[in-house]
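Scroll down for the structure; my scribbles are underneath it.
Residue numbers (our numbering): 1 to 341.
In structure tokens:
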């Protein structure tokens, strides 16, 4: 069984941002200033769960999930990385004064950050957390048999080894209404919504759908998912990509992508990892977060709010975009966990 990568980026968009499109206006900018955001994750399940899927290539599915367990959170102003020894490193806001208490974390196999919390999945299937808990999104200490985690705007989602899903936190849009989900192999928590990938390659979604970000019921042959703020991206088994939701910055303009093995969506950007280790990106590029054309030897990607992080095959990390609070200062990181072939 494979051990997969878990690498996390987290950054803040608690300030107001300029809109790319007419339909994206002050409503989300003001709401974002009130609630921190988070990003989707497909964390490592293959080390615990033997996925019995109808997807054509099981080995390809496992590789994709390994790559996409690199998650970008729209939560704080920091970047967190999981090292190969199961400990966690971080840079950015609050990382020097222990605002986030994960220095004693060990035996971690995946990490995810949401609006107010960071969660870590341990190899025994339990979950640890650090941060505040205004909506109950940190109430994960009783979870067991978890194989994947994903933190959203103010909610946290866990995938259990039997293919069912648990969720805690803010549920005002129904984003935690996942108790009837079955046969799930990956989960991704967006701003106020949750997406689940079934073993047959179809996709479920619950929660806020004001921009059509939950309109995934007709998707088929999907092997990986990524929920952003108000758009959702799916990777198909043939290496092409589909997307729904807000497209004011062309963040859903991915229909011409090919040979993709991992996807990551956030705020107004979408990033794709190609099988040759190069990276493509579309969307808003106000801070150079889409300037990834020269990246090579990348094995995992994570799109954050106004920045992008890539993990190289040697365990080092690169980042471009907004560097407030030093969240992109990852050039000295080494031995970050990478996917095994």
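All C-beta atoms, glycine included, are put in the ideal place defined by N, C-alpha and C.
Count the other CB atoms within 10 Å of the CB of residue i; is the residue buried (16 or more) or exposed (fewer)?
i: residue 191; result: buried
i: residue 112; result: buried
i: residue 54; result: For residue 54, the predicted model reports a pLDDT of 36, less than 50, meaning its position is unreliable; a value from the coordinates is still stated below. By the 10 Å Cβ count, residue 54 comes out exposed.
i: residue 266; result: buried
i: residue 294; result: exposed
i: residue 331; result: exposed
i: residue 302; result: buried
i: residue 155; result: buried
i: residue 35; result: Residue placement at residue 35 is poorly supported in this model, since its pLDDT is 37, which falls under 50; the coordinates still yield a value, given next. The residue in question, residue 35, is buried, as its Cβ has 16 or more Cβ neighbours within 10 Å.
i: residue 307; result: buried
i: residue 338; result: buried
i: residue 69; result: With a pLDDT of 34 at residue 69, under the threshold of 50, the modelled position of that residue is not reliable, and the figure given next carries that caveat. It counts as buried.
i: residue 264; result: buried
Determine the contact status of residue i and residue j, defining contact as a CB-CB distance below 8 Å.
i: residue 167; j: residue 225; result: no
i: residue 149; j: residue 90; result: no
i: residue 118; j: residue 86; result: no
i: residue 214; j: residue 231; result: no
i: residue 163; j: residue 144; result: no
i: residue 79; j: residue 327; result: yes
i: residue 147; j: residue 132; result: no
i: residue 342; j: residue 211; result: Summary: the structure shown does not reach residue 342, with the chain confined to residues 1 through 341, and so no result is reported for it.
i: residue 77; j: residue 336; result: no
Residues bridged to residue i by DSSP?
i: residue 312; result: 298
i: residue 150; result: 157
i: residue 117; result: 131
i: residue 269; result: 266 and 283
i: residue 343; result: Since the displayed the chain opens at 1 and closes at 341, residue 343 lies outside it and no answer follows.
i: residue 307; result: 304 and 321
Which residue wins for smallest C-alpha separation from residue i, given the options the options?
i: residue 285; options: 305, 114 and 184; result: 305
i: residue 169; options: 254, 177 and 302; result: 177
i: residue 208; options: 174, 198 and 222; result: 174
i: residue 239; options: 282, 290, 211 and 276; result: 276
i: residue 287; options: 270, 297, 321 and 264; result: 321
i: residue 105; options: 195, 114, 116 and 129; result: 129
i: residue 242; options: 229, 256 and 248; result: 256
i: residue 127; options: 237, 282 and 151; result: 151
Taking the runs of the beta strand (DSSP E) that are 3 residues or longer, which of them lie wholly in the stretch 198 to 236? 203 to 207, 222 to 227 and 231 to 236
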